[in-house]
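Visitor: The structure's right below; bear with me while I get my questions together.
Residue numbers (the working numbering): 8 to 551.
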């Protein structure tokens with residue numbers, strides 16, 4: 008097709024617009040006139056009372072009770088939203104009220120990342136200011152640099168459409184971050200980092216020289232199975248992302264999760280003594296987590312308390328405990344042997360979606376084959392719908408690994424990362440292998456230098472550490488090249504024992520220069536120093 012010159016395009020466009028003007032009355036004549044349409048009066052809703060006055064009164068009541076101002080950004084607070092927030096704050100002890108330096112909370116439509124708005128539904132609330140982590144040679148400290156911004160929490164639209172318990176969980180999680188901020192970040196101090204299983208991972212710049220500054224992060228331990236329990240809306244590895252998220256999830260867990268003291272006794276003890284100052288929300292019972300949750304589950308089944316059955320398995324899904332999951336699976340399987348009313352069968356099938364074992368999926372398939380449940384109803388339950396075959400194959404299986412890091416340790420080269428899809432893959436009976444490629448810079452191009460893979464695994468904790476020396480296809484003589492620009496590509500492959508198709512994730516890539524002289528970890532025990540701007544620093548009070 009030939010292209011018209013600019014003048015030709017303008018003439019053609021002008022002719023088209025002119026023809027539109029000529030034909031517009033003809034088009035309009037087919038629509039009828041205003042006289043032909045019956046007169047319609049749209050009902051006008053009139054609020055009975057002083058709406059703005061009521062909101063201002065609720066804001067004043069909130070400020071009087073807790074010491075915080077509720078402010079409007081590009082969205083105003085509604086009366087129902089203020090009442091929900093007030094109810095959530097009623098559950099918090101006084102130490103979370105009237106924190107000096109925290110003026111209040113903002114209502115906004117959505118999080119603005121720079122000039123770009125985040126996708127609705129991805130972020131429900133956010134705590135400010137942000138921070139950065141860096142080691143300064145001059146200070147001889149691992150510094151936590153707090154940005155010079157007004158401390159605050161922003162609450163976004165989608166938060167207020169959530170279930171009451173989930174809403175309160177998120178509010179308390181964000182207040183956990185606020186407590187952390189104004190108490191010199193206990194989440195980044197030796198006591199918490201040691202009990203929670205994080206260590207300082209130092210990361211040199213690509214052009215780093217001895218004596219230069221560097222950034223660092225807090226890295227979880229893949230050999231530690233349980234981190235802080237997660238909420239219904241978080242992926243199972245959320246607490247492993249960094250120590251601050253683990254701390255905030257522990258604050259929410261202390262208030263909301265009845266088994267938290269048994270799955271994470273060290274975290275619970277820290278929260279009780281250092282944060283909540285003795286206030287407790289659940290009565291202590293003798294026994295281990297596996298014993299207690301199995302006993303509670305059997306009791307709920309025996310009483311035919313089907314909502315209780317669902318609630319208990321929902322709690323079980325917050326943490327990783329294969330022994331307890333197996334016991335719960337056996338109790339549920341026995342309960343499902345007895346045909347029950349269809350709505351009860353649907354609830355039991357939905358409850359099975361919270362179990363990690365692939366046997367739970369087989370159980371649902373058997374119930375479907377016996378026409379006891381229908382797929383459409385089961386998939387309406389968010390947990391079941393989120394792990395269904397279609398979503399797993401078309402979306403989740405393609406999700407790349409995250410938080411990918413490289414380091415040298417024990418004379419070997421390692422990569423470590425989190426796999427957000429591993430839990431669903433295991434629940435669907437898939438085994439996972441991780442592949443990697445090493446490319447070296449050669450002029451303006453990259454040359455393949457080595458590749459490797461792990462065996463297929465079904466490790467349930469979601470944190471993976473791979474030795475490049477041991478997993479390479481190059482053989483035992485492979486040595487990771489040092490002081491050379493390198494790119495490492497990592498992806499996951501999932502396969503099912505009964506199906507030939509392999510599902511590969513998207514590739515995650517990092518660029519590194521291995522420094523044999525560099526200390527990739529330390530100090531031990533971990534220690535950090537927080538640097539506050541004047542806006543925040545004068546209000547900080549370390550925990551006792």
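Just so it is clear, CB atoms sit at the ideal spot from N, CA and C, and this is done for glycine as well.
Ignoring anything shorter than 3 residues or poking outside the segment 196-250, list the beta strand (DSSP E) runs there in chain order.
Guide: Those beta strand (DSSP E) runs which fall completely within the segment 196-250 and span 3+ residues are 205-210, 221-227.
Visitor: Would you call the segment 72-80 and the segment 134-153 in contact, with 3 or more CB pairs under 8 Å?
Guide: Touching, no, given that fewer than three Cβ pairs across the two stretches are closer than 8 Å.
Visitor: Is it the case that the Cβ atoms of residue 362 and residue 343 are separated by a distance below 9 Å?
Guide: Cβ distance not < 9 Å, so residue 362 and residue 343 don't count as in contact.
Visitor: Per the DSSP calculation, residue 464 is bridged to which residue(s)?
Guide: Paired residues: 439.
Visitor: Which residue's Cα is closest to the Cα of residue 518: 346, 446, 543, 165?
Guide: The shortest C-alpha separation from residue 518 is found at 446.
Visitor: Going along the chain, which residues of its own chain have a beta-carbon closer than 6 Å to the beta-carbon of residue 126, five neighbours each way excluded?
Guide: A caution first: residue 126 carries a pLDDT of 48, below 50, which makes its placement in the model unreliable, though a value can still be read off. Closer than 6 Å at Cβ, skipping near neighbours: no residue.
Visitor: Could you spell out the range, first to last residue, of the alpha helix (DSSP H) harbouring residue 331?
Guide: Unbroken alpha helix (DSSP H) run through residue 331: 329-343.
Visitor: Please state if the CB of residue 247 and the CB of residue 470 are separated by a distance shorter than 9 Å.
Guide: Yes.
Visitor: Whole angstroms are fine: how far does the CA of residue 258 sit from the CA of residue 235?
Guide: Roughly 9 Å between the two C-alpha positions.
Visitor: In terms of DSSP beta bridges, what is residue 536 paired with?
Guide: Bridge partners of residue 536: 150.
Visitor: Report the residue from 367, 416, 413, 201 whose alpha carbon sits nearest the alpha carbon of residue 432.
Guide: When only C-alpha atoms are compared, the closest one is 367.
Visitor: Given this structure, state the Cα-to-Cα distance separating residue 448 from residue 412, to the nearest angstrom.
Guide: So the two alpha carbons sit approximately 19 Å from each other.
Visitor: Going by C-alpha to C-alpha distance, which of 101, 79, 60 sits closest to residue 283?
Guide: Minimum Cα distance to residue 283 is reached at 101.
Visitor: Mapping the DSSP letters down to three states, classify residue 116 as helix, strand or coil.
Guide: Looking at residue 116 - three-state DSSP - the assignment turns out to be coil, as it is neither helix nor strand.
Visitor: Should the segment 477-485 be regarded as contacting the segment 368-383, the criterion being three or more beta carbon pairs within less than 8 Å?
Guide: Touching, no.
Visitor: Given 8 Å as the limit, is there contact between the segment 325-332 and the segment 294-305, that is, 3 or more CB pairs closer than that?
Guide: Output reads yes: the segment 294-305 touches the segment 325-332.
Visitor: Here's the rule: buried if 16 or more other CB atoms are within 10 angstroms of the residue's CB, otherwise exposed. What is residue 145?
Guide: By the neighbour-count rule (16 or more Cβ atoms within 10 Å), residue 145 is not buried but exposed.
Visitor: Apart from the five residues on each side of it in sequence, which residues of its chain come closer than 6 Å, Cβ to Cβ, to residue 62?
Guide: Only 86 meet the Cβ criterion.
Visitor: Determine contact between the segment 194-210 and the segment 249-269, defined as no fewer than three beta-carbon pairs at a distance below 8 Å.
Guide: Yes, they touch.
Visitor: Could you pull the DSSP bridge partners for residue 471 from this structure?
Guide: Residue 471 is bridged to 424.
Visitor: DSSP beta-bridge partners for residue 445?
Guide: Residue 445 is bridged to 457, 495.
Visitor: Runs of 4 residues minimum, wholly inside the segment 347-404: which ones carry the alpha helix (DSSP H) assignment?
Guide: The qualifying runs are 349-359, 365-376, 382-385, 389-393, 396-401.
Visitor: Pick helix, strand or coil for residue 416, following the three-state DSSP scheme.
Guide: Reduced to three states, the DSSP call for residue 416 is strand.
Visitor: Please name the residue, chosen from 216, 129, 187, 249, that lies closest to residue 169 on a Cα-to-Cα basis.
Guide: Ranking 216, 129, 187, 249 by Cα distance to residue 169 puts 129 first.
Visitor: Excluding the 5 residues flanking residue 305 on each side, which residues of the same chain have their C-beta closer than 7 Å to its C-beta?
Guide: Excluding positions up to five away in sequence, the list reads 338.
Visitor: Where does residue 274 land, buried or exposed, given buried means 16+ other C-beta within 10 angstroms?
Guide: It counts as buried.
Visitor: With a cut-off of 8 Å, do at least 3 Cβ pairs link the segment 97-114 to the segment 182-201?
Guide: Yes, since at least three Cβ pairs between the segment 97-114 and the segment 182-201 fall closer than 8 Å, the two stretches touch.
Visitor: With three or more beta-carbon pairs closer than 8 Å as the criterion, would you say the segment 397-407 touches the segment 420-430?
Guide: Result yes; three or more Cβ-Cβ pairs closer than 8 Å.
Visitor: Measuring only the C-alpha atoms, how far is residue 532 from residue 419?
Guide: About 22 Å.
Visitor: So, is residue 90 buried or exposed, given that buried needs 16 or more other C-beta atoms within 10 angstroms?
Guide: Its Cβ having fewer than 16 others within 10 Å, residue 90 is exposed.
Visitor: What number of angstroms, rounded off, separates the C-alpha of residue 316 from the C-alpha of residue 391?
Guide: Each residue's Cα considered, the two are about 16 Å apart.
Visitor: Measure how close the beta-carbons of residue 115 and residue 174 come, nearest whole angstrom, since I'm counting them as under 8 Å.
Guide: No, residue 115 and residue 174 are not in contact; Cβ-Cβ is about 16 Å, not under 8 Å.
Visitor: In the DSSP assignment, find the unbroken alpha helix (DSSP H) run with residue 71 in it and report its ends.
Guide: Segment 58-73, the alpha helix (DSSP H) holding residue 71.
Visitor: Under 8 Å, with one C-beta from each stretch per pair, do the segment 223-243 and the segment 208-215 reach the 3-pair mark?
Guide: Yes, they touch.
Visitor: Just checking, does the segment 452-467 make contact with the segment 525-539 on the three C-beta pairs under 8 Å criterion?
Guide: Segments in contact, no.
Visitor: Using DSSP bridges, identify the partner residues of residue 79.
Guide: Looking at the DSSP assignment, residue 79 forms a beta bridge with 114.
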